[in-house]
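Here is the structure we will look at.
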Amino acid sequence: MIITNIETVPGKTIVEHFGLVSGSTIRAKHVGRDLMAGLKNLVGGELKGYTQLLHESRQQALERMIEQARQLGANAVVNVRFSTSSVAQGAAELYAYGTAVHVK
Amino acid sequence: MKYTPRQPGSNVNVTPTSPLREFFLLTAGLLGMVIVIYMVLGLAVDLIVPRISTDLENKMGGLFVGSIAAKDSDSKRGTHVRSLLEDLQDRCAQLPYLFKVHICQSPTMNAAALPGGHIIVYTGLLDKVASENELAFVLAHEMGHFAHRDHLRGMGRAFVFITISTLLLGTDSSISKMLANGLNLTEMSFSRKQETRADEFALETLYCDYGHVGGATDFFKKISKAEDPGTFGHYFASHPESRQRISHLENIIRSRKFKLGKRKPLPETWRQLKD
Amino acid sequence: MNNFLFFLTLIAMGYVVGTLVEKRHYRSIHEREKKFLYLPAVTMKTVNHPDQKVMSAELVCGSAVISIDYFKRLLASLRNIFGGTVKSYESLIDRARREALIRMKEMAGDATVIVNVRIETSTIGRNANKKGVGCLEAMAYGTALTLEK
Chain A
42 MIITNIETVP
52 GKTIVEHFGL
62 VSGSTIRAKH
72 VGRDLMAGLK
82 NLVGGELKGY
92 TQLLHESRQQ
102 ALERMIEQAR
112 QLGANAVVNV
122 RFSTSSVAQG
132 AAELYAYGTA
142 VHVK
Chain B
4 MKYTPRQPGS
14 NVNVTPTSPL
24 REFFLLTAGL
34 LGMVIVIYMV
44 LGLAVDLIVP
54 RISTDLENKM
64 GGLFVGSIAA
74 KDSDSKRGTH
84 VRSLLEDLQD
94 RCAQLPYLFK
104 VHICQSPTMN
114 AAALPGGHII
124 VYTGLLDKVA
134 SENELAFVLA
144 HEMGHFAHRD
154 HLRGMGRAFV
164 FITISTLLLG
174 TDSSISKMLA
184 NGLNLTEMSF
194 SRKQETRADE
204 FALETLYCDY
214 GHVGGATDFF
224 KKISKAEDPG
234 TFGHYFASHP
244 ESRQRISHLE
254 NIIRSRKFKL
264 GKRKPLPETW
274 RQLKD
Chain C
76 MNNFLFFLTL
86 IAMGYVVGTL
96 VEKRHYRSIH
106 EREKKFLYLP
116 AVTMKTVNHP
126 DQKVMSAELV
136 CGSAVISIDY
146 FKRLLASLRN
156 IFGGTVKSYE
166 SLIDRARREA
176 LIRMKEMAGD
186 ATVIVNVRIE
196 TSTIGRNANK
206 KGVGCLEAMA
216 YGTALTLEK
């Protein structure tokens, strides 16, 4: 599955499109991570726990979007956008959406 | 560009899950964690509490006393109560405490023990006691609590628990509130064992001081008439049902072959001593 | 004790009624999505052949504010202790976004295609800044093009 951030897939032509596809996920941290982050607040630096958490969320959101595109019969998703929001306390919500297309 | 309208077969964004199952799993996990921490705390408290010196406890008690001492009243009967307590302590219940008795105006038929050797006796109780033995039993019961450091144990656990939950979950969390309520329940049932042990201590003290245990169960017989905890009350009453306590005491009296003798009456002017 | 029972009643009510409301909403979403299947929404900026004439272009948007029931909220706070995917909130976000998209398409009416669709989410309500979420607002907006057939 090809995923791009631009309108086209360079080097290929889009033959047909299937509309919007999206994948979202919401993950919560656990108290262990929270404690480490709290400690890190004192000294500063990268909060590796949270980076890891958001990275996993992003992966999962992308996977879900690709899965939905595959169900529609597409083989590429173009013009993908991400959106993050905090929906619940201590949980990160990640949303990826794009257009499912068939390229040749 | 050609558009082919199609719909996806399944909803990828929602995992098919049974929320009830998840709820039970998570609650079970939380309860498990709580029980483990509780037991660890229990061990820790059992290790620490005997090492808290009475000096430290007196300092802690100072925190509570301020509000109570201000309400001290009824000095005439109070003097008599204090001298009775001193007698008991000198002759039979040698405890490393300097007990301070506070009389509190209230129709409650009860007495309470606070850290630092403070005993509160409510005037409701003073009004209802019929003999010196009965009063001595109540005082010895409170002294029993101090002997076993009961008040420190209950407080210590609850305090640490609530601190942990506040740290982890924040003060507003509904889970913290649930834990606090649940703790109140367990601490009260914990203290039922403590109450029974204090009853036994009082019985021993009474026997030692008077040579018999007449009057030990009078107090409970009086409250059991007034008490009716209802179906739920058993667990939630911090004082175990008086009937159970009476029968427990009577069992001990029988097994240890304690004698029942004549009750020593209160001073004649007791009724008029109220001010 | 009364507090606890009250709490349990709220949870039970939240679970039962909340599940019913959610099912009904999903059914309505499915129906309307099928109805609007003819009108694609894409994130690309151009889908038309350069020769095709554009009759009209207008901004369309749709938004929905969905709240969640008490049971799911409790699940989320429990989940917060142990970590992992907060499954109870997934349906909330899904419903809100799909509803917003449908309303956007409703606003478009008889357009041919909606281009450059963007979706924004935010939390509003009293609890938005503190614990838990009050309600979730999803907004979808794009340009509806009516192309010459």
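Chains as they are written, first to last, in our numbering: chain A, 42 to 145; chain B, 4 to 278; chain C, 76 to 224. The C-beta atom is built at its ideal place from N, Cα and C for all residues, glycine as well.
Please name the residue or residues paired with residue i in a DSSP beta bridge.
i, result
"residue 217 of chain C", "C:135"
"residue 160 of chain C", "A:68"
"residue 198 of chain C", "C:211"
"residue 134 of chain B", "B:268"
"residue 114 of chain C", "None; residue 114 of chain C has no bridge partner."
"residue 123 of chain B", "B:105, B:115"
"residue 141 of chain C", "C:211"
"residue 138 of chain A", "A:63, A:122"
"residue 189 of chain C", "C:116, C:219"
"residue 219 of chain B", "None; residue 219 of chain B has no bridge partner."
"residue 41 of chain B", "Answer is none; residue 41 of chain B lacks a bridge partner."
What's the C-alpha gap between residue i and residue j?
i, j, result
"residue 188 of chain C", "residue 54 of chain A", "20 Å"
"residue 45 of chain B", "residue 197 of chain B", "14 Å"
"residue 171 of chain C", "residue 53 of chain B", "59 Å"
"residue 17 of chain B", "residue 167 of chain C", "9 Å"
"residue 63 of chain A", "residue 192 of chain C", "12 Å"
"residue 105 of chain B", "residue 123 of chain B", "5 Å"
"residue 238 of chain B", "residue 133 of chain A", "With a pLDDT of only 47 at residue 238 of chain B, under 50, the local geometry of the prediction cannot be trusted, and no value is derived from it."
"residue 135 of chain C", "residue 37 of chain B", "52 Å"
"residue 80 of chain B", "residue 129 of chain B", "8 Å"
"residue 265 of chain B", "residue 117 of chain B", "32 Å"
"residue 9 of chain B", "residue 108 of chain A", "14 Å"
"residue 144 of chain A", "residue 13 of chain B", "23 Å"
"residue 142 of chain A", "residue 79 of chain A", "44 Å"
"residue 254 of chain B", "residue 26 of chain B", "46 Å"
"residue 19 of chain B", "residue 93 of chain C", "16 Å"
"residue 95 of chain B", "residue 78 of chain B", "25 Å"
"residue 107 of chain B", "residue 113 of chain B", "10 Å"
"residue 45 of chain A", "residue 181 of chain C", "29 Å"
"residue 139 of chain A", "residue 175 of chain C", "16 Å"
"residue 169 of chain C", "residue 99 of chain A", "16 Å"
"residue 86 of chain A", "residue 77 of chain A", "12 Å"
"residue 5 of chain B", "residue 120 of chain C", "15 Å"
"residue 125 of chain B", "residue 202 of chain B", "19 Å"
"residue 217 of chain C", "residue 122 of chain A", "14 Å"
"residue 105 of chain C", "residue 97 of chain C", "12 Å"
"residue 89 of chain A", "residue 40 of chain B", "28 Å"
"residue 82 of chain C", "residue 131 of chain A", "23 Å"
"residue 83 of chain B", "residue 252 of chain B", "26 Å"
"residue 235 of chain B", "residue 76 of chain C", "Its pLDDT being 48, under 50, residue 235 of chain B is placed unreliably by the model, and the measurement read from it follows with that caveat. Approximately 9 Å between the Cα atoms of the pair."
"residue 80 of chain C", "residue 89 of chain B", "47 Å"
"residue 200 of chain B", "residue 147 of chain B", "8 Å"
Considering only C-alpha positions, which residue in the set the options is nearest to residue i?
i, options, result
"residue 258 of chain C", "A:144, A:62, A:66, A:46", "Beyond the ends of chain C as shown, which are 76 and 224, falls residue 258 of chain C; an answer cannot be given."
"residue 22 of chain B", "C:149, C:197, C:185", "C:149"
"residue 212 of chain B", "B:261, B:28, B:149", "B:261"
"residue 178 of chain C", "C:90, C:120, C:111", "C:111"
"residue 102 of chain A", "A:46, A:119, A:58, A:68", "A:68"
"residue 152 of chain B", "B:49, B:42, B:24, B:269", "B:49"
"residue 279 of chain B", "B:136, B:125, B:126, B:34", "Residue 279 of chain B cannot be examined here, being either before or after the span of chain B that is shown, 4 to 278."
"residue 269 of chain B", "B:145, B:148, B:41, B:87", "B:87"
"residue 248 of chain B", "B:259, B:215, B:206", "B:206"
"residue 124 of chain A", "C:89, C:95, C:215", "C:215"
"residue 223 of chain C", "C:81, C:95, C:128, C:104", "C:128"
"residue 216 of chain B", "B:246, B:149, B:138", "B:138"
"residue 111 of chain A", "B:11, B:85, B:40, B:127", "B:11"
"residue 150 of chain B", "B:34, B:99, B:110", "B:99"
"residue 154 of chain C", "B:30, B:257, B:148", "B:30"
"residue 156 of chain B", "B:47, B:109, B:103", "B:47"
Can you give the beta carbon distance from residue i to residue j, rounded, assuming they're within the 8 Å contact cut?
i, j, result
"residue 60 of chain A", "residue 117 of chain C", "6 Å"
"residue 220 of chain C", "residue 123 of chain C", "7 Å"
"residue 218 of chain B", "residue 134 of chain B", "5 Å"
"residue 136 of chain A", "residue 196 of chain C", "7 Å"
"residue 140 of chain B", "residue 222 of chain B", "6 Å"
"residue 58 of chain A", "residue 115 of chain C", "7 Å"
"residue 151 of chain C", "residue 213 of chain C", "Contact flag wrong, Cβ pair sits at about 18 Å."
"residue 120 of chain B", "residue 101 of chain B", "6 Å"
"residue 96 of chain A", "residue 157 of chain C", "With a Cβ gap of about 20 Å, residue 96 of chain A and residue 157 of chain C do not count as contacting."
"residue 116 of chain A", "residue 43 of chain A", "7 Å"
"residue 131 of chain B", "residue 225 of chain B", "6 Å"
Does residue i come within less than 7 Å of chain D when only Cβ atoms are used?
i, result
"residue 109 of chain A", "The structure shown contains no chain D; its protein chains are A, B and C."
Please find out if some non-hydrogen atom of the ligand HEM comes closer than 6 Å to the beta-carbon of residue i.
i, result
"residue 113 of chain C", "What this structure holds is no ligand at all, so the ligand HEM is not there to describe."
Q) Which parts of the stretch 42-98 of chain A are runs of the alpha helix (DSSP H), unbroken and 4 residues or longer, counting only runs that do not cross its ends? A) 72-84
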